[in-house]
Amino acid sequence: MKLSYYNSLKRIGESEVTQVPSQHARLLVLSQEIDLLKEKLRPSATGHIHTAINVLEYQIKEIEETINYETE
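What follows is the structure, given as structure tokens:
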């Protein structure tokens, strides 16, 4: 049975889960997603995209703070 990513996270520690993405991998994916969203920006009617970019940038900031805290 193939699990969705969300379900696999809920089952951490069980044999079905083989790997949870590292924080560095998440940074890479989030950065790539921001780049894709920025390509979709237009002069008007893209406020929802601006919001999505801001949310992803905030997630990156939180991950970077976590990484910096763990390496101190």
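The numbering used here numbers the first residue of the sequence shown as 2 and each following residue consecutively. All C-beta atoms in this analysis are idealised placements derived from N, C-alpha and C, irrespective of residue type, glycine included. Computed from a predicted model, the values in this text were never measured in an experiment.
For residue 47, report the span of its alpha helix (DSSP H) as first-last.
Stepping through the sequence shown from its first residue, residue 47 is reached at position 46. Premise fails: residue 47 is in no alpha helix (DSSP H) and is neither H nor E.
Please classify residue 24: does DSSP put it in a helix, a strand, or coil?
Position 23 of the sequence shown, counted from the start, is the residue given in the question as residue 24. Looking at residue 24 - three-state DSSP - the assignment turns out to be helix.
Would you check whether the ligand ATP has a heavy atom nearer than 8 Å to the C-beta of residue 30?
No copy of the ligand ATP appears in this structure; indeed no ligand is present at all.
Return the Cβ separation of residue 75 and residue 37 in integer angstroms, given the expectation that the two are a contact with Cβ distance under 8 Å.
Outside the modelled stretch of the chain, which goes from 2 to 73, sits residue 75, for which no answer is possible.
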